[in-house]
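What follows is a short report on a single structure.
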Amino acid sequence: MDKPSLQRDSFGSRFGVIAAAAGSAIGLGNIWKFPYITGVYGGAAFIVVYLICIALIGFPLMLSEFLVGRKSQKNAIGAFKKLAPGTPWYLTGWIGMAAAFVVLSFYGVVAGWCMEYIVKAAANAFAGQSPGQIGGMFGAFISSAAKPVLWQIAFMGLTAWIVVAGIKDGIEKYSKVLMPLLLVLIIILDIRAITLPGAEKGLAFLFKPDWSKITGEAILAALGHAFFSLSLGMGTMITYGSYIHKKENLGETAVQVTLADTFIALLAGVAIFPAVFAFGIEPGAGPSLVFITLPNVFQHMPYGHIFGVLFFILLAVAALTSSISILEVVVAYFVEDLKMSRKKATLIAALIITVIGVFCSLSNGPLAEAKILGLTFMDLLMWLSDNLLLPLGGLFITLFVGWYMKKSSVAEELRSEGVKAGYFEPFIFLTKFVAPILIALVFLKGIGLL
Ligand code: PHE
């Protein structure tokens, strides 16, 4: 077995591993995107399809990433160079690296919006406004030139500040505090939502499936979202996996992180839909659900602005523990393979991503007319990550573990230091056949070939 190099940082505790990996998975994807796509695709039936995707693809892919990372003790690109020297498999890592730049560029912009909305909610800015005015406020804010850019820069600064401190003293330390905070916030918001008069309708929307609503498009959206929500296909979990101690049970960790992510997405739905229905608002609002629909809901509630502040803090915290994991993908590569100091690596990576992000932000306003392939720059980056980079990265990772790696070497890693892995055979079956076929289908559909 390989000896990890002495200076390599790692997670210090079991809880730290879970907090950091769940922190990566739980993000804007859970609280901003999951509720709105659930709304768009009609509720409970979509959720059931999503849960199936999580089990059949999400879990095996997350475990595959952890395993590649921990076995190689390397970053997303270095891992493939080490486990498959002299082959083109390292290109998988490059896809992940590209995805990290793309995703964090727009992620930082949306996270910046959340920070602005903490301030807006605290200032009670939605009080007495009509739904149209609240919509106008959001449109005016994201299309302005300076303000969203400043918030995006602030958010990226915060991300870099945590990443520069390293794994144990940065990412783990903050995840251990921020994740429990997130749980408390979401529970408070859930209690408020389900005690609203008329909450049952929202709960029925979430938990009573109407199968007629399931279309091919809904299935693809569910599958694509499973990738994004679990932070898969980018090498995030390869990178984090490389910091996990050999005595940890990777299968158990992957199950716990997957469950935590799914649970929080459902709790976010429970925090949002009862309120949406209680106030008679359209659930299928799309991306503006949390920025327009919710402020509207909050302003009708007693002490709504306080719940508004809590909600947007929740979003910003969730975004932060995810963005640090994306930046770490790039920083780990810069440090290990390009031999930069951690400080320099973080600074350069954060700077490049922030600059791309500025263009994303401007593409909602001053640069809205500069379309590429008919999309604004920000929409283009979202399309690229959802339909191309993450599915492709994920596909190659499952093929690598399922077909390239020797079964004995996979088993050796999962059973390191005497850990039990009773799930081994089903895992191999999912990784070899089920996940790659399903991912290939999404990919072909996503790029319009199916
Ligand atoms: N999983 C994160 C979320 O749900 C986003 C993310 C995607 C993070 C890919 C890392 C890698 O918001």
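Residues in the sequence shown are numbered from 94 upward in steps of one, following the working numbering. Here a beta-carbon is modelled for each residue, glycine too, at the ideal position from N, C-alpha and C.
Against chain B, does residue i count as a neighbour if the rule is that its beta carbon must be under 8 Å from one of theirs?
i	result
PRO529	In the structure shown, chain B cannot be found, because there is only a single protein chain.
Which one of the options has the shortest CA to CA distance from residue i?
i	options	result
LYS266	TRP304, PHE104, ALA233 and LEU197	PHE104
VAL216	LEU420, GLY250, PRO241 and TYR396	In the sequence under discussion, the amino acid at residue 216 is Ala, which differs from the Val named in the question. The shortest Cα separation from ALA216 among LEU420, GLY250, PRO241 and TYR396 belongs to TYR396.
GLY201	PHE159, GLY122 and GLY511	GLY122
TYR118	LYS294, VAL277, ALA314 and GLN349	The question names Tyr, but residue 118 in the sequence shown is Ala. Nearest of LYS294, VAL277, ALA314 and GLN349 to ALA118, Cα basis: GLN349.
ILE130	LEU313, LEU408 and MET471	LEU313
PRO380	MET475, SER324, ALA258 and ALA292	MET475
ALA239	PRO459, LYS525 and GLY495	PRO459
ASN342	ARG101, ASP102 and PHE108	PHE108
VAL390	GLY232, PRO178, VAL212 and GLY221	GLY221
PHE321	GLY486, THR308 and LEU360	GLY486
THR308	CYS146, PRO128, LYS464 and GLY135	GLY135
ALA378	PRO224, MET208, GLY120 and LYS213	PRO224
MET155	SER324, TRP496 and PHE356	SER324
TRP547	SER416, SER198, GLN245 and THR288	Limits of the chain in this structure are 94 at one end and 543 at the other, which puts residue 547 out of reach.
GLY495	LEU382, LEU482, VAL527 and PHE248	VAL527
ALA368	ALA514, LYS538, GLY179 and LEU282	LEU282
VAL133	ILE331, ILE441, ALA311 and LEU296	ALA311
LEU523	ILE540, ALA138, ILE399 and LEU488	LEU488
GLY171	TYR210, ALA442 and LEU431	LEU431
LEU481	VAL195, VAL110 and ALA113	VAL195
ALA533	VAL512, PHE400 and PRO484	PRO484
LYS213	ALA247, ILE385, LEU296 and ALA138	ILE385
SER157	GLY232, GLU345 and PRO273	GLU345
GLU293	ALA364, ALA253 and SER198	ALA364
ILE264	TYR336, PHE127, LEU444 and GLU518	TYR336
TYR426	PHE517, TYR333 and PRO529	TYR333
GLN226	GLN392, HIS318, ILE279 and ALA247	GLN392
ASN168	PRO153, THR180 and TRP187	TRP187
PRO152	ILE490, PHE536 and ILE465	In the sequence on display, residue 152 carries Phe and not Pro. The shortest Cα separation from PHE152 among ILE490, PHE536 and ILE465 belongs to ILE490.
ILE399	TYR210, VAL448 and SER106	TYR210
LEU316	ILE255, ILE140 and MET272	ILE140
SER106	ILE260, ILE150 and GLY228	ILE260
VAL270	LYS464, SER478, ALA463 and ALA113	ALA113
Which residues mark the beginning and the end of the alpha helix (DSSP H) in which residue i is found?
i	result
LEU154	152-165
LEU413	397-429
SER305	No alpha helix (DSSP H) holds SER305; DSSP gives it neither H nor E.
PHE545	What the structure shows of the chain is the stretch from 94 to 543, and residue 545 is not part of that stretch, so it cannot be assessed.
ALA533	528-539
GLU341	Unbroken run through GLU341: none, as it is neither H nor E.
LEU455	435-455
GLU293	292-300
ILE147	First-last for ILE147: undefined, no H or E at that position.
TRP244	239-257
GLY328	Per DSSP, GLY328 belongs to no alpha helix (DSSP H) and is neither H nor E.
TYR129	127-133
VAL383	Neither: VAL383 is in no alpha helix (DSSP H) and is coded neither H nor E.
GLY458	Neither: GLY458 is in no alpha helix (DSSP H) and is coded neither H nor E.
PRO178	Taken as a continuous stretch (DSSP letters only), PRO178 belongs to no alpha helix (DSSP H), as it is neither H nor E.
ALA504	500-507
SER236	224-236
PHE108	107-118
THR491	483-492
ILE124	Unbroken run through ILE124: none, as it is neither H nor E.
PHE104	Looking at the DSSP string, PHE104 is not in any alpha helix (DSSP H), and its letter there is neither H nor E.
PRO519	517-522
What residues match up with residue i in a beta bridge as DSSP calls it?
i	result
ILE264	Answer by DSSP bridge pairing: none, since ILE264 is not bridged.
ILE465	LEU468
Shorter than 7 Å, the distance from the beta carbon of residue i to the closest heavy atom of the ligand ATP, or not?
i	result
PHE427	The ligand ATP is absent from the structure shown, which contains only the ligand PHE.
Worksheet item: Listed by chain order, which residues have C-beta atoms less than 6 Å from any heavy atom of the ligand PHE?
Response: That gives SER117, ALA118, GLY120, LEU121, GLY122, ASN123, VAL196, PHE321, SER322, SER324, MET327, THR329, SER415, SER418 and ILE419.
Discussion item. Closer than 8 Å is the cut-off here; do at least three beta carbon pairs connect the stretch 501-511 with the stretch 451-458?
Written reply: Short answer: they don't touch.
Worksheet item: Does the stretch 464-472 come within contact of the stretch 290-306, defined as at least 3 CB pairs closer than 8 Å?
Response: At 8 Å Cβ cutoff, the stretches do not touch.
Fill in: Segment contact flag, the stretch 399-412 with the stretch 158-167, C-beta cutoff 8 Å, min 3 pairs
Touching, no, given that fewer than three Cβ pairs across the two stretches are closer than 8 Å.
Item to complete: Please confirm if the stretch 369-376 is in contact with the stretch 281-293, defined as three or more CB-CB distances below 8 Å between the two stretches.
Response: Note that the stretch 369-376 touches the stretch 281-293; at least 3 beta-carbon pairs, one per stretch, sit closer than 8 Å.
Worksheet item: Would the stretch 353-362 and the stretch 180-196 be scored as touching if the rule is three or more Cβ pairs under 8 Å?
Response: Contact annotation: the stretch 353-362 does not touch the stretch 180-196, with fewer than three C-beta pairs closer than 8 Å.
Worksheet item: Is there contact between the stretch 229-238 and the stretch 439-451, where contact requires at least three CB pairs shorter than 8 Å?
Response: Counting Cβ pairs under 8 Å, fewer than three are found: no touch.
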